[in-house]
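Asker:
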Amino acid sequence: SNWFNGPTGIGTGSDNETIIPVAPSLFIRHNFLVENLSNIVIAILHVDYDDGFVAYLNGTEIARINIGSPGIIPAFDDLTESSHNAVIYDGGVPEKFIVDKPQDILVEGENTLCIQIHNRYTAGDLTIIPFLTFGMIEEPVGANGTNVLLDSLLSWSHTNFKISSEGETIYLSNTNNTVIDSFVSTQLPTDISMGLSPGNGNVFFFNESTPGTENSTTGYQDFSEPPSFSLEGGFYSGSQTIELSGAIGNENIYYTLDGADPTDSSFIYTQPITIDTTHVIRARIIGQSSIPSRIITHTYLIDRDFTMPVISLATTPANFFDWETGIYVMGPNANPNPPFMGANFWEDWERPIHIEFFNQDGSLKFSKDAGTKIHGRWSRRFAQKSLAIFFRNQYDESPLISHVFEEKPIEEFQSLLLRNSGNDCNATHFRDGLVTNLLQDQNIDYQEFQPVTVYINGMYWGIYNLREKISEHFIASNHPEVDPDNIDRLEYRYKVLNGDSTAYHNLFTFLATHDLSEPDNYDFVKTQINIENLTKYLAANIYCNNRDWPRTNVTLWRERTDTGKWRWILDDMDWSFGFPYSGYDHNTLWDVLSTDPSNPNPPEFTFIFRKMFTNEEFRIDFINCLMDFMNTIFLPSELMTKIADVKSQ
Numbered sequence: 003s004n005w006f007n008g009p010t011g012i013g014t015g016s017d018n019e020t021i022i023p024v025a026p027s028l029f030i031r032h033n034f035l036v037e038n039l040s041n042i043v044i045a046i047l048h049v050d051y052d053d054g055f056v057a058y059l060n061g062t063e064i065a066r067i068n069i070g071s072p073g074i075i076p077a078f079d080d081l082t083e084s085s086h087n088a089v090i091y092d093g094g095v096p097e098k099f100i101v102d103k104p105q106d107i108l109v110e111g112e113n114t115l116c117i118q119i120h121n122r123y124t125a126g127d128l129t130i131i132p133f134l135t136f137g138m139i140e141e142p143v144g145a146n147g148t149n150v151l152l153d154s155l156l157s158w159s160h161t162n163f164k165i166s167s168e169g170e171t172i173y174l175s176n177t178n179n180t181v182i183d184s185f186v187s188t189q190l191p192t193d194i195s196m197g198l199s200p201g202n203g204n205v206f207f208f209n210e211s212t213p214g215t216e217n218s219t220t221g222y223q224d225f226s227e228p229p230s231f232s233l234e235g236g237f238y239s240g241s242q243t244i245e246l247s248g249a250i251g252n253e254n255i256y257y258t259l260d261g262a263d264p265t266d267s268s269f270i271y272t273q274p275i276t277i278d279t280t281h282v283i284r285a286r287i288i289g290q291s292s293i294p295s296r297i298i299t300h301t302y303l304i305d306r307d308f309t310m311p312v313i314s315l316a317t318t319p320a321n322f323f324d325w326e327t328g329i330y331v332m333g334p335n336a337n338p339n340p341p342f343m344g345a346n347f348w349e350d351w352e353r354p355i356h357i358e359f360f361n362q363d364g365s366l367k368f369s370k371d372a373g374t375k376i377h378g379r380w381s382r383r384f385a386q387k388s389l390a391i392f393f394r395n396q397y398d399e400s401p402l403i404s405h406v407f408e409e410k411p412i413e414e415f416q417s418l419l420l421r422n423s424g425n426d427c428n429a430t431h432f433r434d435g436l437v438t439n440l441l442q443d444q445n446i447d448y449q450e451f452q453p454v455t456v457y458i459n460g461m462y463w464g465i466y467n468l469r470e471k472i473s474e475h476f477i478a479s480n481h482p483e484v485d486p487d488n489i490d491r492l493e494y495r496y497k498v499l500n501g502d503s504t505a506y507h508n509l510f511t512f513l514a515t516h517d518l519s520e521p522d523n524y525d526f527v528k529t530q531i532n533i534e535n536l537t538k539y540l541a542a543n544i545y546c547n548n549r550d551w552p553r554t555n556v557t558l559w560r561e562r563t564d565t566g567k568w569r570w571i572l573d574d575m576d577w578s579f580g581f582p583y584s585g586y587d588h589n590t591l592w593d594v595l596s597t598d599p600s601n602p603n604p605p606e607f608t609f610i611f612r613k614m615f616t617n618e619e620f621r622i623d624f625i626n627c628l629m630d631f632m633n634t635i636f637l638p639s640e641l642m643t644k645i646a647d648v649k650s651q
């Protein structure tokens, strides 16, 4: 094929040198010559992009961000996992990617850099400005130098190895392999570094790093131990007094009552703290000669009666409510009309929190540092917003080890979801959880459901639906035999979230070119699709009258093995059982099978389902499944019992 020529930046925005039509993806390449391979000691790729990309050097993947899994080439119509804005036009600097062992990838003579750039949405901005820079022993004749944008970014020395986060010994040797010096690193908290004092060469810890310059900031030789609380967090009646202890020498205990991280500007503990209303107390020890301790958090829920578990979130208030940077507020760029696109809560921003989970009897199930993002699509417009909780090593030990949901044996979680019940937020507030729990033990993957009362910084925030969060880890937790790094997972508009879409497109092509009334063809499809899972998935959505499906809210996955079969996950059942505007007499089967232009579900989103119904064996399986459901879990008496159970909480 012929390639167009043009300079970068290239994309759909007006800030680009080369402007292209709106597209889901863009492919670019550049050829260059290497005269002396031994002269190259390092290669660095800087990229300014919107929204994600994969870069290849001579066919070897060297960088990837925001799309798919390493080593798997995304399809041309794959969309990115989240939005990411370019930054150079606004005074920012491009992201840096160190090329691992470039001497093993490059060749003397012609080399090719290729980059495929992908959009978050089919009609959004698409931008790429790449810079490939080589560090050389000797400057080649006629070298142009680096782009002025990179001058400040390329002034540091780089190594071609990484240091284990658990700690290890680093050796400095001369050309004769004689050890000149060594340094023993250790496991460090986030944003803490260790290095040598420029004065005496002693090892210190630093809470302010100085890359590119000497270690001129204050160094510490130890970490302060965290403070002790005389009273654990929990449910209490009447006034409570809490004593804090643990400071020694020149250390002080600092604490806050508004959820903020304590600093040396916070309250200094001098006497017991007495509270008579619900409060979050966060405390840490700060000394002159040691790194501040980790923060200890306890929530005291006073004079409250609870009929369900309680989750307390604590965070510096600005993380949620600052007009410029808070993830929960409109912010300066919000459209005034729902769903308020451009608002802060539409950004893919993550903020640190502390989360405590109390059982209904007040006992603590877990307490952990974590991160959170606003979750959902149009339900973000509601005052009560869904929150995705992430248990990452940058915050605390990961994963969370806790038996969170009584109905499932899972005890490890990389993430959880505090859901506002989606579009059902201001109606029953439990419709999605009710429907998915009806399908327990039915060979359908579903998110477990537990209503909880939520507090943020000691303020009541309403009832939420605590759910498992759909991800590759969710799949592995519910299918322990599956490797989470070896799956294909597609969702809304068949966007790739894990793996790639090759197997899906192959199945789609087979269905489009073969008659499933032929037994041999259907037998092949049964090796690609878990038929029981699909019939039950369809029966549930059709009987429950899910009106926000199948054009949206479709999630399917397969194990990337020769015997892996596609399975569908029951997801987002907010618009079911008559919500928001249709009754029991609506023909949801027509939504799935009709290609009439009046059908709000475009044919490409119903194709697989329609094709399956052309096979008599599948139709019989579906009918039998639907009748079984109607005579068991969907009986009015069963439904009313389930509804009463949820309501009673």
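Residue numbers for the sequence shown, in the working numbering: 3 to 651.
Where a beta carbon is used, it is the ideal one built from N, C-alpha and C, also for glycine.
Predicted, not measured: the structure shown is a model, and the values here were computed from it.
Examine the Cβ distances between the stretch 555 to 573 and the stretch 487 to 502 and report whether three or more of them are shorter than 8 Å.
Answerer: yes
Asker: Following the continuous beta strand (DSSP E) through residue 129, name the residue where it begins and the one where it ends.
Answerer: 129 to 138
Asker: Straight-line CA distance for residue 6 to residue 119?
Answerer: Cα-Cα distance, rounded: 16 Å.
Asker: For residue 105 and residue 371, what's the separation of their Cα atoms in angstroms?
Answerer: 42 Å
Asker: Taking the alpha-carbon positions, what's the residue 375 to residue 320 distance?
Answerer: 14 Å
Asker: Does the beta-carbon of residue 268 have 16 or more other beta-carbons within 10 angstroms, so that it is buried, or is it exposed?
Answerer: buried
Asker: Under 8 Å by Cβ, that's how I've got residue 369 and residue 280 pegged, so tell me the actual separation to the nearest angstrom.
Answerer: No, residue 369 and residue 280 are not in contact; Cβ-Cβ is about 16 Å, not under 8 Å.
Asker: Name the residue from 252, 243 and 257 whose alpha carbon lies nearest to the alpha carbon of residue 275.
Answerer: 243
Asker: Using the C-alpha atoms, what's the distance from residue 415 back to residue 401?
Answerer: 5 Å
Asker: Comparing alpha-carbon positions, which option in 527, 129 and 532 lies nearest residue 96?
Answerer: Of 527, 129 and 532, the residue nearest in Cα terms is 129.
Asker: For residue 556, tell me which candidate among 385, 603 and 515 has the shortest Cα-Cα distance.
Answerer: 603
Asker: Could you tell me the boundaries of the beta strand (DSSP E) in which residue 592 lies?
Answerer: Residue 592 -> not in any beta strand (DSSP E); alpha helix (DSSP H) instead, spanning 590 to 595.
Asker: Is the beta carbon of residue 624 sitting closer than 8 Å to the one on residue 595?
Answerer: no
Asker: Return yes when the Cβ of residue 568 is within less than 8 Å of the Cβ of residue 558, no when it is not.
Answerer: yes
Asker: Would you say residue 366 and residue 221 are within 8 Å of each other, going by their C-beta atoms?
Answerer: No, the Cβ-Cβ distance between residue 366 and residue 221 is not below 8 Å.
Asker: Count the other C-beta atoms from every protein chain shown that fall within 10 angstroms of the C-beta of residue 444, then say buried if there are 16 or more, exposed otherwise.
Answerer: buried
Asker: Using 8 Å for Cβ pairs, my map puts residue 52 next to residue 127. What's the rounded Cβ distance?
Answerer: 5 Å
Asker: If contacts are defined as beta-carbon pairs under 8 Å, then residue 575 and residue 433 qualify, I think. What distance do you get, rounded to the angstrom?
Answerer: 7 Å
Asker: Along the chain, where does the alpha helix (DSSP H) containing residue 614 start, and where does it finish?
Answerer: 605 to 614
Asker: Quick one: grab the DSSP three-state call for residue 453.
Answerer: Residue 453: strand per DSSP, three-state reduction.
Asker: Which residue marks the beginning of the beta strand (DSSP E) containing residue 33, and which one marks its end?
Answerer: 27 to 36
Asker: Give a yes or no on whether the C-beta atoms belonging to residue 554 and residue 466 are separated by under 8 Å.
Answerer: Residue 554 is not a Cβ neighbour of residue 466, given a cutoff of 8 Å.
Asker: Would you mind reading off the limits of the alpha helix (DSSP H) that contains residue 507?
Answerer: For residue 507, the uninterrupted alpha helix (DSSP H) segment begins and ends at 504 to 515.
Asker: Could you spell out where the beta strand (DSSP E) holding residue 123 opens and where it closes?
Answerer: Taken as a continuous stretch (DSSP letters only), residue 123 belongs to no beta strand (DSSP E), as it is neither H nor E.
Asker: Take the Cβ of residue 507 as the centre, count every other Cβ of all protein chains shown within 10 Å, and call the residue buried at 16 or more, exposed below.
Answerer: Around the beta-carbon of residue 507, fewer than 16 other beta-carbon atoms lie within 10 Å, marking it exposed.
Asker: Residue 20 bridges to which residues according to DSSP?
Answerer: 12
Asker: To the nearest angstrom, report how far apart residue 647 and residue 362 are at their CA atoms.
Answerer: 15 Å
Asker: How about residue 391 and residue 359: do their beta carbons lie closer than 8 Å?
Answerer: no
Asker: What span of residues does the beta strand (DSSP E) with residue 291 cover, start to end?
Answerer: No beta strand (DSSP E) holds residue 291; DSSP gives it neither H nor E.
Asker: Taking the C-alpha atoms as reference points, what is the distance between residue 437 and residue 341?
Answerer: 26 Å
Asker: State yes or no: is the C-beta of residue 114 within less than 8 Å of the C-beta of residue 60?
Answerer: yes
Asker: Determine, using beta carbons only, whether residue 580 and residue 547 come nearer to each other than 8 Å.
Answerer: yes
Asker: Assess contact between the stretch 618 to 633 and the stretch 520 to 533, defined as three or more Cβ pairs (one per stretch) separated by less than 8 Å. Is contact present?
Answerer: yes
Asker: Taking the alpha-carbon of residue 10 as reference, which of 227, 188, 49 and 605 has the nearest alpha-carbon?
Answerer: Selected option, being the one with the closest Cα: 49.
Asker: Beta carbon of residue 238, beta carbon of residue 257: below 8 Å?
Answerer: no
Asker: My output table needs one value for residue 244: the three-state DSSP class, helix, strand or coil.
Answerer: Strand, per DSSP.
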